[in-house]
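Position in the sequence shown (first residue = 1) + 40 = my numbering.
All residues carry an ideal CB built from backbone N, CA and C; glycine is no exception.
Computed from a prediction, not measured in an experiment: that's the story for all the values here.
In what follows, a single structure is set out as structure tokens and then discussed.
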Amino acid sequence: MPFKVCCPYPDCGKFMLVEDSDRGGSVNCLICRRSIRLDGADGGASPGAATSSSAGASVAKPPAPKPAPAQRPAAAPARPPAPATRPPAPSAPAAGGNAAAP
């Protein structure tokens, strides 16, 4: 007779019916496709197993999430770029230069 099992992964958590012949083995969740280990036919919970909501079936807890990679200390803030300077204004041509006449 099939029994109800809840997927132990927090981002899934869906219920499914599993055949008695699968007790003691593992099945893949029909929704998230991850492997779920089932307890043996005696119905006892194995160490680290989470119990489903019916028929005394239990499933293994998902592996703990990996810790976040160590972050490097923040570097000192970069100095802002220097303000742009205007090029010097052109100087008046010297007397007798090659200035074009108007």
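Item: Pick helix, strand or coil for serine 66, following the three-state DSSP scheme.; Value: strand
Item: For a test of the three-state rule: what should DSSP assign to serine 61, helix, strand or coil?; Value: helix
Item: Along the chain, where does the beta strand (DSSP E) that runs through lysine 44 open and close?; Value: 43-46
Item: In chain order, what residues of the same chain have a beta carbon less than 8 Å from the beta carbon of lysine 54, not counting five sequence neighbours either side?; Value: Cys46, Cys47, Cys69, Leu70, Ile71, Cys72
Item: Using only the alpha-carbon positions, how far apart do methionine 56 and aspartate 79 sit?; Value: 15 Å
Item: Give me the Cα-Cα distance between serine 75 and valine 67, rounded to the nearest whole angstrom.; Value: 6 Å
Item: Figure out for me which residue from Cys52, Arg126, Asp60 has the closest Cα to the Cα of lysine 44.; Value: Asp60
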